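In our numbering, the protein residues as written are 1 to 71. Reading through the structure tokens given below for one structure.
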């Protein structure tokens with residue numbers, strides 16, 4: 001299992017505006033598994049990034065809202 005950082009907009013109705021981009025973290029076996037988990041959510045997914053161990057440690061240390069979700 002790996003941790004993936006998902007960059008998304010909250011609705012599918014609006015065009016992507018970088019300043020409105022939100023992020024969430026998910027534990028999954030692959031990027032396609034993350035996308036499948038989010039199929040029912042009304043998110044406009046911009047990018048799914050698998051985090052390296054060092055990037056994951058950085059996120060944990062520097063993001064007070066860091067939380068890995070398992071849906």
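We treat Cβ as the ideally placed atom computed from N, Cα and C, and that holds for glycine. The structure presented is a predicted model; accordingly, all values stated were derived computationally and were not measured.
query	result
Starting from residue 72, follow the beta strand (DSSP E) in both directions and report where the run begins and ends.	Any answer about residue 72 is impossible in this case: the structure gives the chain only from 1 up to 71.
Based on the DSSP output, what are the partners of residue 67 in its beta bridges?	Partner(s): none; residue 67 has no beta bridge.
Between the C-alpha atoms of residue 55 and residue 70, what's the straight-line distance to the nearest angstrom?	19 Å
Under 8 Å between the Cβ atoms of residue 50 and residue 2?	yes
Report all residues from its chain with a CB closer than 7 Å to the CB of residue 7; omit the five preceding and five following residues, and keep chain order.	21, 23, 46 and 47
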